[in-house]
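*Asks:* The structure under discussion is supplied below as structure tokens; questions concerning it will follow.
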Amino acid sequence: MSLAKILREGASYTQRDVVELLIEFSAFKDRVTKKFRELAKELDGKANEHDLWVNVYLISSDYSEEVAGKRHKQQQDSLQKIS
-16 MSLAKILREG
-6 ASYTQRDVVE
4 LLIEFSAFKD
14 RVTKKFRELA
24 KELDGKANEH
34 DLWVNVYLIS
44 SDYSEEVAGK
54 RHKQQQDSLQ
64 KIS
């Protein structure tokens, strides 16, 4: 589930939650980008370079959905404890 879909369904995030999510994802993205740049140099000109970059996109998409799901679940758990 994407963050946008979660927000459309009525979940609300504080500014701090959003900033933490962006920081966490940015750090992950930087690590993945660095690793795949190193690998891309090794694979430069080889037939599977395109597949490598497709995998980067898929990894980052999966990660962002996973983190958003975790945060949504934590928020739902917090709301249940409050009520």
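Numbering-wise (this note's numbering), the sequence shown opens with residue -16 and increments by one. Think of the CB as a built atom: it goes at the ideal place given N, C-alpha and C, for glycine as much as any other residue. All values derive from a computational prediction rather than experimental measurement.
Looking at the structure shown, is Met(-16) part of a helix, part of a strand, or coil, going by DSSP?
*Replies:* Within the sequence shown, residue -16 is the residue found at index 1, counting from 1. Any reading at Met(-16) must be qualified, since the residue scores a pLDDT of 49, below 50, and its modelled position is unreliable; the value itself is stated next. Three-state DSSP puts Met(-16) in coil, outside helix and strand.
*Asks:* What's the C-alpha gap between Ile42 and Glu48?
*Replies:* Start at 1 with the first residue of the sequence shown, and residue 42 comes out as number 59. Start at 1 with the first residue of the sequence shown, and residue 48 comes out as number 65. Distance between the alpha carbons of Ile42 and Glu48: 10 Å.
*Asks:* State the Cα-Cα distance for the pair Lys24 and Glu7, rounded to the nearest angstrom.
*Replies:* Along the sequence shown, read from residue 1 onward, the residue named residue 24 stands at position 41. Along the sequence shown, read from residue 1 onward, the residue named residue 7 stands at position 24. Answer to the nearest angstrom: the Cα atoms are 26 Å apart.
*Asks:* Using three-state DSSP, classify Tyr(-4) as helix, strand or coil.
*Replies:* One-based indexing of the sequence shown puts residue -4 at position 13. Looking at Tyr(-4) - three-state DSSP - the assignment turns out to be coil, as it is neither helix nor strand.
*Asks:* By a C-beta neighbour count over all protein chains shown, 10 Å radius and 16 as the cutoff for buried, is Ala10 buried or exposed?
*Replies:* Here residue 10 refers to the residue found at position 27 when the sequence shown is read from its first residue. Per the 10 Å Cβ criterion, exposed.
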